[in-house]
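Numbering (the working numbering), first residue to last: 2 to 108. What follows is a set of notes on a single structure, which appears directly below.
So, in structure tokens, the structure goes:
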């Protein structure tokens, strides 16, 4: 992917509508073609047929934020059940605190 994919959590969804982002969180619900992820708040994920998420596993999702603030998943990586989500939150915080380093002044 050549497009910039800023790391976000639920509180940043509105700022990144119609953009491709990275989100790390825990899968709290799976239902058909959608899932719910806890990433400092609830995010609805719109899954594709190649997305294989597991309940209560941490994962990283790269996807496009939709107008309804759900994320259409492009790709995902399972991190299992032992992943430190606190560390992932700290990375998101640093990304937005020093945004000029990570993705310029556009946001």
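Just so you know, even glycine gets a beta-carbon here, dropped at the ideal spot from N, CA and C. Bear in mind that the values here come from a model prediction, so they are computed numbers and not experimental data.
- Item | Counterpart residues of residue 100 in DSSP-defined beta bridges | Translated into positions along the chain shown, residue 100 becomes position 99. Residue pairing by DSSP places residue 100 opposite no residue, since no beta bridge is assigned to it.
- Query: Would residue 32 be called buried (16 or more neighbouring beta carbons within 10 Å of its own) or exposed?
  - Reply: Taking the chain shown and counting its residues from 1, the one referred to as residue 32 is at position 31. Result: exposed.
- Item | Whether residue 19 touches residue 74 by CB criterion (8 Å) | Looking up residue 19 in the chain shown gives position 18. Looking up residue 74 in the chain shown gives position 73. No, Cβ-Cβ distance for residue 19 and residue 74 is not below 8 Å.
- Message: Please report the distance separating the alpha-carbon of residue 26 from that of residue 78.
- Response: Position 25 of the chain shown holds residue 26. Position 77 of the chain shown holds residue 78. Cα to Cα, residue 26 sits roughly 11 Å from residue 78.
- According to DSSP, is residue 15 helix, strand or coil? Numbered from its first residue, the chain shown carries residue 15 at position 14. Residue 15 falls in the helix class under three-state DSSP.
- Task: Identify the continuous beta strand (DSSP E) that holds residue 36 and give its terminal residues.
- Result: Counting from one through the chain shown, the residue named residue 36 turns up at place 35. Its beta strand (DSSP E) spans residues 35-39.
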